[in-house]
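Scroll down for the structure; my scribbles are underneath it.
Residue numbers (this note's numbering), protein chains in the order written: chain A, 5 to 225; chain B, 166 to 402.
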């Protein structure tokens with residue numbers, strides 16, 4: 005637990021120092037939402053129907069930037085190797101990094117919510133529910149994203165490799181998050197929200213358990 | 166009973182792609198001893214130190230640090246070794262003090278400023294404690310990396326080119342650090358081209374050439390007997 009606390013403190017500090025980059029990624033996500041809205045056209049009904057999908061698409065695209073960036077500082081001066089040789093527990097390093105990445109994605113998602121509501125005419129009173137779904141979806145993206153970001157951090161084509169590896173793996177998370185978000189925006193007359201949320205929680209549990217186990221193998225020589 | 170040998174290596178081999186960087190290197194080093202590892206650029210010095218520190222794995226052969234197997238007891242080996250590497254292991258976005266604090270927290274040491282400032286004073290960086298390493302010169306980064314090594318208080322210390330990028334006061338700092346480490350019983354391995362300087366701090370020496378161990382003997386005899394002096398690899402040559 006002390007190792008996890010030390011790793012969390014380190015990642016929180018690194019993210020705080022990189023807050024300018026986070027602001028730039030928010031602008032990227034907001035711009036993506038704006039461009040997607042142009043693709044739909046002026047139909048308010050269509051915009052509202054696809055709002056959830058485009059919110060998650062913007063978050064997914066933004067996540068590849070935040071995830072890749074989160075390992076840059078670990079690789080620049082082989083800082084990650086330095087921690088492993090202390091010795092720091094690879095599992096503590098993974099969970100701290102995944103939590104930090106998830107927190108950054110949640111903040112990004114919360115920041116993009118008003119943008120989505122305005123651009124897509126997707127006003128709703130179920131904001132706490134939306135924040136909950138964003139948190140679960142962000143967790144589902146961050147665990148495999150952190151693992152693959154570590155895996156591709158030393159590759160030459162990491163900007164291409166990370167989405168290529170990550171996107172197929174997070175399809176179930178994305179599907180469940182989009183459905184849950186859409187149900188919260190458009191209403192849930194059939195009571196399906198619970199099932200999608202449960203699916204989201206299940207994938208989160210699987211991803212966080214498996215990725216935590218695999219991380220040691222990925223970062224060791 | 167505690168093992169008498171601090172470092173044991175049996176036919177260690179390591180390759181990068183198709184090229185063998187280390188071929189059948191065997192060595193024994195007693196507790197508290199100091200060994201100078203010499204050789205040309207690319208001779209395998211850094212690879213040997215990185216294998217012994219478990220930063221990379223040996224492809225063949227075996228090794229033990231204080232009786233702990235390099236392959237099966239990685240955590241124990243890491244707990245008793247400290248490596249000064251070519252990479253500084255520092256976060257450029259954080260200050261010098263924050264970098265030390267992070268390491269101290271993982272080592273479960275006192276991470277307060279009062280405990281860390283003496284280390285920065287020792288390496289001559291007390292007045293730059295709140296500056297990020299990205300603003301440091303290469304020599305200052307080396308000094309901070311050295312402070313990080315000293316923070317660990319390890320039994321086996323592996324110093325890869327400790328004099329690299331340093332100014333003359335930095336050379337004397339490294340000499341003093343090695344003497345202090347030895348005085349408290351630590352085993353020290355120094356990979357360096359400063360044969361006379363580092364040789365004066367060590368009693369044993371070895372020479373690597375294309376990954377193979379070509380000479381072993383007294384450190385003060387290394388430059389002359391190993392042929393490195395004749396090859397123009399002695400400092401100042």
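The C-beta atom is built at its ideal place from N, Cα and C for all residues, glycine as well.
Source: prediction; values computed, not measured.
DSSP places residue 49 of chain A in the helix class (H, G or I) of the three-state scheme. Residue 202 of chain A and residue 222 of chain B have their C-alpha atoms roughly 42 Å apart.
Per DSSP, reduced to three states, the secondary structure at residue 382 of chain B is strand. Chain-order list of chain B residues neighbouring residue 95 of chain A: empty, with the shortest C-beta distance near 12 Å, by a criterion of under 9 Å. In this model, residue 384 of chain B and residue 282 of chain B are separated by some 35 Å (Cα to Cα). Interface with chain B (7 Å Cβ-Cβ cutoff): residue 37 of chain A is excluded. Only those residues of the segment 250-262 of chain B whose C-beta falls short of 8 Å from the nearest C-beta of chain A are listed: 250, 252, 253, 254, 255, 256, 257, 258, 259. Within the segment 202-271 of chain B, complete alpha helix (DSSP H) segments of at least 4 residues are found at 210-217, 239-245, 261-271, given in chain order. Rounded to the nearest angstrom, the gap between the Cα atoms of residue 247 of chain B and residue 308 of chain B is 15 Å.
Distance between residue 109 of chain A and residue 69 of chain A, taken at the CA atoms: about 11 Å. For the C-beta of residue 268 of chain B, the chain A residues within less than 7 Å are, from N- to C-terminus, 90.
Per the Cβ contact rule, the segment 266-274 of chain B is in contact with the segment 87-102 of chain A (3 or more Cβ pairs under 8 Å). For residue 174 of chain B, there is no enclosing alpha helix (DSSP H); the enclosing beta strand (DSSP E) has its first and last residue at 170-181.
Partner residues in the beta bridge of residue 377 of chain B, as assigned by DSSP, are B/188, B/374. Taking a cut-off of 8 Å on C-beta distances, the segment 119-128 of chain A does not touch the segment 154-161 of chain A, as fewer than three cross pairs fall below it. Any Cβ of chain B closer than 7 Å to the Cβ of residue 77 of chain A would place that residue at the interface, and such an atom is present. Taking one beta carbon from each stretch, the segment 361-375 of chain B and the segment 194-203 of chain B have 3 or more pairs nearer than 8 Å; the two touch.
With a beta-carbon spacing of about 5 Å, residue 62 of chain A and residue 33 of chain A fall inside the 8 Å limit used to define contacts. DSSP places residue 126 of chain A in the coil class of the three-state scheme, outside both helix and strand. Taken atom to atom, the span from the alpha-carbon of residue 285 of chain B to that of residue 151 of chain A is near 35 Å.
Taking a C-beta distance under 7 Å as the contact criterion, residue 303 of chain B and residue 288 of chain B do not qualify as a contact pair. Flagged as an interface residue toward chain A: residue 240 of chain B, by a C-beta distance shorter than 7 Å.
Residue 343 of chain B carries a helical assignment under DSSP once its states are collapsed to helix, strand and coil. According to the DSSP assignment, residue 332 of chain B belongs to no alpha helix (DSSP H), since it is labelled neither H nor E.
The Cβ neighbour count for residue 20 of chain A, taken over all protein chains shown within 10 Å, is under 16; the residue is labelled exposed. Taking the Cα of residue 290 of chain B as reference, the smallest distance to any Cα among B/338, B/390, B/179, B/191 is reached at B/338.
For residue 65 of chain A, the closest of A/218, A/97, A/55, A/35 by C-alpha to C-alpha distance is A/35.
Under DSSP, residue 195 of chain B takes part in a beta bridge, and its partners are B/170. Between residue 172 of chain B and residue 377 of chain B, the C-beta spacing is not below 7 Å. Taking 8 Å as the upper bound for CB-CB distance, residue 115 of chain A and residue 138 of chain A are not in contact here, some 10 Å apart. The C-alpha of residue 215 of chain B lies about 34 Å from the C-alpha of residue 25 of chain A. A straight-line Cα-Cα distance of about 10 Å links residue 56 of chain A and residue 134 of chain A.
For residue 296 of chain B against residue 81 of chain A, the beta-carbon gap comes to about 16 Å, at or over 8 Å, which does not count as contact.
When B/386, B/389, B/357, B/369 are compared, the shortest CA-CA separation from residue 208 of chain B is found for B/357.
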